[in-house]
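For the sequence shown, our numbering assigns the number 2 to the initial residue and increments by one for each residue that follows.
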Amino acid sequence: MGRFHRHDDGTEHEHEHAHDDGPEHGHVRHDEHAQAHSQAGRDLGDMSGYRTAPERVQVLERIFGENDRCARANRDLLDAKGVVAVNMMSSPGAGKTSLLEHTLAHLSGQVRVAVIEGDIETSIDADRLSGYGAQVVLLNTSDGFGGECHLDAPMVSSALEQVDLSAIDLLFVENVGNLVCPAEFDVGAHHRIMVSAITEGEEKPLKYPVMFRSVDLVVINKMDLLPHLDFDLALFERNLAAVNPAADVVKVSARSREGLDAWFRWLEDHLRP
Ligand code: MG
2 MGRFHRHDDG TEHEHEHAHD DGPEHGHVRH DEHAQAHSQA GRDLGDMSGY
52 RTAPERVQVL ERIFGENDRC ARANRDLLDA KGVVAVNMMS SPGAGKTSLL
102 EHTLAHLSGQ VRVAVIEGDI ETSIDADRLS GYGAQVVLLN TSDGFGGECH
152 LDAPMVSSAL EQVDLSAIDL LFVENVGNLV CPAEFDVGAH HRIMVSAITE
202 GEEKPLKYPV MFRSVDLVVI NKMDLLPHLD FDLALFERNL AAVNPAADVV
252 KVSARSREGL DAWFRWLEDH LRP
C-alpha cells in the first residue's frame, strides 16, 4: 500500500534543496534555456532561414546533453527500484489531473503509486490527488526553477528524492500543461503519454507534431462532449496517424467515465519497463 505523503511539509525542503543543489546549476541553466527559447523565437521570427549562431547551438546542446544524462540516471534509479514511470503531458485543461484521479482510485490497493505533480504555481492539482493512498510530491517550477513551462530531468531528480521508491510500483509524472516544451525534455520516464481533449480541435497533431510524435499513447478525452461540438473525430485520428502512426489511442471521458477501462488496460499492459 502506498504511503500517503503530504507535500505540505515537503515544499520547504524542496525549495531549500533547489537552492542547495547549486544556484549555478539551477539558475544559470534555466536562464540559458529561457535565453535559448527567446533566441530561437527571434530566429524563427526573422524569415531569412534557420540561421543559428554556433554559440547558441553549443548552449542548446549543453542543456539537452545535461538533461539526457540526468534522465538516464533517473531511469537507472527507477529500474533499480523496479518502478515504472509514465510522463503525462497535454495542453492546460485537457484533463491530466482528472484522469489521474480516476486512475489512483482504480489502482488503490492493487498497485502502489506515486505522483510527481508538476505545475508552474499552486498546489491545486496536488491537493486534488491527495487522499487516494498515493504518494504525492508537488513540483512547482516557480519555486527555484525559474517558472519553467515544462519539467526537465534535474527537476524530476530533485522530486524523486522525496519519493519512497521502495514503496511504489508505478510513478506518474504529471508535466506542466503545454504542448511544446515538455516534449523536448526526457525526464527519465519509461513511457510518454498525452491527453488530448476533443475541445482542442482536430488540427493539433499537425500543429504540434513534436509532442504528438513523442508519445506512445494518446488519450482522447472529453468524449462525452462529442455531440455538442463540431469535432471531426475521424479527421483527428487521420492527423494523428500522419505524424505518429505507431501511437496507441484510447478514447475516454474523465467526466462520464466512458472508456476508462481501455486506459486502465493499457496501463496494466505497460506496468513493466
Ligand atoms: Mg493538472
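Glycine included, each C-beta is placed from N, C-alpha and C at the ideal position.
| Asked | Found |
| --- | --- |
| Rounded C-alpha distance that separates Ser109 from Ser99 | 16 Å |
| Reduced DSSP category for Met48 - H, G, I as helix; E, B as strand; rest coil | Any reading at Met48 must be qualified, since the residue scores a pLDDT of 42, below 50, and its modelled position is unreliable; the value itself is stated next. Of the three classes helix, strand and coil, the one that applies to Met48 here is coil, per DSSP. |
| Candidates Glu118, Ala255, Asp249 and Thr200: closest to Val164 by CA position | Glu118 |
| Distance between beta carbons of Val84 and Leu172, contact taken as under 8 Å | 5 Å |
| Where the alpha helix (DSSP H) through Lys208 begins and ends | Lys205 to Lys208 |
| Exposed unless 16 or more other CB atoms sit within 10 angstroms - verdict on Asp231 | exposed |
| Cutoff 7 Å; reference Ser91; Cβ partners in own chain excluding five residues on either side | Lys97, Gly178, Met195, Val196 and Ser197 |
| Buried or exposed (CB count within 10 angstroms, at least 16 for buried), Leu180 | buried |
| Cβ of Trp264 within 8 Å of any chain B Cβ | Reference to chain B is not applicable here, since this structure consists of a single protein chain. |
| Unbroken alpha helix (DSSP H) run spanning Met199, endpoints | The residue asked about is misnamed: residue 199 is Ile in this sequence, not Met. Neither: Ile199 is in no alpha helix (DSSP H) and is coded neither H nor E. |
| For Leu218: DSSP bridge partner residues | Ile194 and Asp249 |
| Given Ala135 as reference, the closest of Gln59, Glu102 and Phe265 once Cα atoms are compared | Glu102 |
| Candidates Ile221, Met224 and Ser143: closest to Thr123 by CA position | Ser143 |
| Secondary structure of Ser91, DSSP reduced to three states | strand |
| Three or more C-beta pairs below 8 Å linking the region 214-232 and the region 70-81 | no |
| Own chain, CB closer than 8 Å to Asp187, minus 5 neighbours either side, in chain order | Asn68, Asp69, Ala72 and Ala154 |
| Reduced DSSP secondary structure (H/G/I, E/B, other) of Trp267 | helix |
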